[in-house]
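*Asks:* Taken in order, these protein sequences are the chains called Y and R. For the first sequence, our numbering begins at 5 and goes up steadily by one. For the second sequence, our numbering begins at 29 and goes up steadily by one. Using N, Cα and C, we set each Cβ at its ideal position, and we do this for glycine too. Since we're looking at a predicted model, the values are computed, not measured.
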Amino acid sequence: MLDDATTTDQPLSRLPWEPGVSKPDPILVVDGMRRAFGGLVAVDVDHLEVQRGVITALIGPNGAGKTTFFNLLTGFDSPDRGHVVFDGDTIDKANPHNLAQRGMVRTFQLTKALTKLPVIENMKLGAKNQAGERFFKALFTPLWGKQESEIEQRADELLTRFKMDHMRDEYAGTLSGGQRKLLEMARSLMAEPRLVMLDEPMAGVNPALTQSLLEHVKNLREAGITVMFVEHDMDVVRDISDWVVVMAEGRIIAEGPPESIGQNKAVIDAYLGVHHDAALDLEEEEARLAEAQRSEEEE
Amino acid sequence: MIDWGFIFNQSLTQAIDFNAIAFVLAAMGINVHFGYAGLLNFGQIGFVAMGAYGFGLTFTLLGSNSVLLAVAVGIGFSVIFALLLGIPTLRLRADYLAIVTIAAAEIVRLVARSTPLRDITGGAEGLNQFIGPFRDLNPFNAGSVYGFGPWSYRGSQLFVIIIGWILVALVVLLIRQLMNSPWGRVVKAIREDEDAARALGKNAYWYKLQALILGGVLGGLAGMILAAGNAAIQPDFFSAPQTFLFWLVLILGGVGKVWSPVVGAVLYWVIITFIRNLGRQLVSAGYVPTTVIDTSQIDQIQFWIVGLALALLMVFRPQGIFGSKEEMALDAR
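(1) Take the Cβ of residue 97 of chain Y as the centre, count every other Cβ of all protein chains shown within 10 Å, and call the residue buried at 16 or more, exposed below.
(2) Taking CB distances under 8 Å as the criterion, tell me whether residue 119 of chain R reaches chain Y.
(3) Examine chain R for any beta-carbon lying closer than 8 Å to the beta-carbon of residue 119 of chain Y, and answer yes or no.
(4) At the level of alpha carbons, what is the spacing between residue 187 of chain Y and residue 117 of chain Y?
(5) So residue 180 of chain Y is in the beta strand (DSSP E); what residue range does that whole segment cover?
(6) Identify the residues that DSSP records as bridge partners of residue 180 of chain R: which are they?
(7) Around the C-beta of residue 335 of chain R, are 16 or more other C-beta atoms found within 10 angstroms, so that it is buried, or is it exposed?
(8) What would DSSP say about residue 236 of chain Y, mapped onto helix, strand or coil?
(9) Using a C-beta cutoff of 8 Å, does residue 129 of chain Y count as contacting chain R?
(10) With a threshold of 6 Å on Cβ separation, who are the neighbours of residue 245 of chain Y within its own chain once the five nearest residues in sequence on each side are excluded?
(11) Across which residues does DSSP place residue 260 of chain Y in a beta bridge pair?
(12) What is the rounded straight-line gap between the Cα of residue 117 of chain R and the Cα of residue 131 of chain R?
(13) Sorted by chain position, which residues of the same chain lie with C-beta nearer than 8 Å to residue 55 of chain Y's C-beta, five sequence neighbours on each side aside?
(14) Considering just the uninterrupted stretch of the alpha helix (DSSP H) at residue 207 of chain Y, what are its terminal residues?
(15) Counting pairs of beta carbons, one from the segment 51-71 of chain R and one from the segment 272-281 of chain R, are three or more of them closer than 8 Å?
(16) The segment 63-94 of chain Y: which residues have C-beta closer than 9 Å to a C-beta of chain R, in chain order?
(17) Taking only the alpha-carbon atoms, compute the straight-line gap between residue 32 of chain R and residue 150 of chain Y and give it to the nearest angstrom.
(18) Taking only the alpha-carbon atoms, compute the straight-line gap between residue 53 of chain R and residue 180 of chain Y and give it to the nearest angstrom.
(19) Show which residues of chain R have a CB atom less than 8 Å away from the CB atom of residue 166 of chain Y.
(20) Does DSSP put residue 121 of chain R in a helix, a strand or coil?
(21) Straight-line CA distance for residue 92 of chain R to residue 123 of chain R?
(22) Just grab the DSSP bridge partners of residue 80 of chain Y for me.
(23) Can you check whether the CB of residue 261 of chain R is closer than 8 Å to the CB of residue 107 of chain R?
(24) Hey, would you say residue 180 of chain R sits closer than 8 Å to residue 173 of chain R, going by beta carbons?
(25) Buried or exposed for residue 315 of chain R, going by 16 or more other Cβ atoms inside 10 Å?
(26) Between R/215, R/227, R/178 and R/165, which lies nearest to residue 75 of chain Y when the distance is taken from Cα to Cα?
(27) Give a yes or no on contact between the segment 266-280 of chain Y and the segment 30-47 of chain Y, applying the rule of three or more CB pairs nearer than 8 Å.
(28) Suppose contacts are defined by Cβ-Cβ distances below 8 Å. Is residue 129 of chain Y in contact with residue 213 of chain R by that definition?
(29) Pairs of beta-carbons, one from the segment 274-294 of chain R and one from the segment 306-314 of chain R, closer than 8 Å: are there three or more?
(30) I believe residue 63 of chain R touches residue 284 of chain R by the beta-carbon criterion, under 8 Å. Please report the beta-carbon distance rounded to the nearest angstrom.
(31) Note the first and the last residue of the continuous alpha helix (DSSP H) segment covering residue 366 of chain R.
(32) Measuring CB to CB, does residue 98 of chain R end up less than 8 Å from residue 83 of chain R?
(33) Out of curiosity, what's the CA-to-CA distance linking residue 162 of chain Y and residue 200 of chain Y?
(34) Mapping DSSP to helix, strand and coil, what is residue 83 of chain R?
(35) Could you list which residues in chain Y have their beta carbon closer than 7 Å to that of residue 116 of chain R, in chain order?
(36) In this structure, how does DSSP classify residue 48 of chain Y when only helix, strand and coil are distinguished?
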């Protein structure tokens, strides 16, 4: 029996579970990317490919460099060195707005709802190539009015799909945290992306909304959009991702389908420490005891 | 006796005089900067100075007789000033622009009044021999007084006032059109969160520069109205505190609303003229003894009272006259 997940899995199912493995149809290829803040190397990725049309999760312990890596990929930060190829085009040193226009749209860990704009205006902002966004064309409504009403129609459809149509005219600032996440995701779809980068889409969302958000992420895949997301909640990762990339200390330490990750030694070491499961030997135990006693005597 | 008729007459006259028009335009510029694009410009008077000097120098330095050319040069000066301020600072955080604008405005004033440039800018005396070509266009008789109800102006003033209010009407239409367009949506989005706009494919830097230029040109127009109205350009008028009077006008009306600079400026000039004239008459009529205060000190008192009024406004109606309380509340969240 084949369900949706396994069919989309298939191109990846024969791949070896190793960091930097090459994919059959990558939409994003990263090579030798490095970013250091002073002495701290936040990101040092040798090679990574992201498969088109699937959901890739990026996980890792706190401080692993996931968000920095995201910022580097989306142009919000620039790497010390490294190459990125997005859908066949080299995008080294591209600006965020440039990447968004090319079809790589991101969301943020802390949602960026435009609080003093109504929900519908938030949505309409997302649409690309708007004639009325040019200063001199903006002066003449006939030059952009038709496009504007098309955009508004599309925005309304998306709002209905995200079950937010009843808040269409509310200020975005009045929405709850979860609703803002939904709005941000819907707004990014207005830009007709090929690759959506979600930075912790479930953070701060109440459990009732989590399911609906997950469904929307899965729907993106059904619509042929590639999704890459950072997440901490392993249940979420297991539930929706087709492929998992694990980062620790700036490097990619493992890749594989979600079920493989729990068994991967490098991953367990990264999360729990290298010697977490080794029993202490007798000498070490005695040494620790002695130290504990000494410190007690000193008091 | 206090001549109430005179006080009200004066207040109403000042309400629509060219000074008020200049305040409207300058405050509209700040409204574009801060109210819509979120740019902190504390040097609007610099743009006003650039507009005024661009206008005046076209006649005195280039020897041109073309008022249109003078207006174009005035606008050009404001645009250049905006580029000078914006290109280095708009990639940085908002506060950097604020610091640079306040310093740059002072630089403009100090350069204009400097002695080495006396032959060009007129130094500390400024320019006052440029108004001829503009006066020649005046359909009214410059010397006669035209009046309607409580308002009466000399023909030379009336011409500036009519041009000025037509200009204000056009600018109101322009701003309303722009801010209801997708361009305005992007600019407002950048005010709310620049990174969100960038993540959606908008070149935030370019839009901020456009907004800075637009608001700066409005400041420049204010400068030209002042130059034409006064028939003189005084460098020391363009001092830093003037900028904050424009801010006061904007806050009084309500930040981010199209009409607020108009109403704010008119109200400001009514209040300030009323207080000044009432104060003078109270002293000269002997209601307030000259041992407490004399007429020459009244001009200082008027700003105390305006400051107090502004403080009270902030406490009881922080959104200004037109601002929406709902929007203000969103900031606190």
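*Replies:* Reading from the atomic positions:
(1) exposed
(2) no
(3) yes
(4) 7 Å
(5) Where residue 180 of chain Y is concerned, there is no enclosing beta strand (DSSP E), given that its DSSP letter is neither H nor E.
(6) R/175
(7) exposed
(8) coil
(9) yes
(10) 59, 61 and 262
(11) Y/248
(12) 13 Å
(13) 15, 16, 27, 28, 29, 30, 31, 230, 246 and 247
(14) First-last for residue 207 of chain Y: undefined, no H or E at that position.
(15) yes
(16) 78, 79 and 80
(17) 56 Å
(18) 39 Å
(19) Those do not exist, as residue 166 of chain Y stays about 16 Å from chain R at its closest Cβ, beyond 8 Å.
(20) coil
(21) 40 Å
(22) According to DSSP, which records beta bridges pairwise, residue 80 of chain Y is partnered with nothing at all.
(23) no
(24) yes
(25) exposed
(26) R/227
(27) no
(28) yes
(29) no
(30) 4 Å
(31) Since the displayed chain R opens at 29 and closes at 361, residue 366 of chain R lies outside it and no answer follows.
(32) yes
(33) 16 Å
(34) helix
(35) Per Cβ cutoff of 7 Å: no residues; residue 116 of chain R is ~18 Å from chain Y at best.
(36) strand
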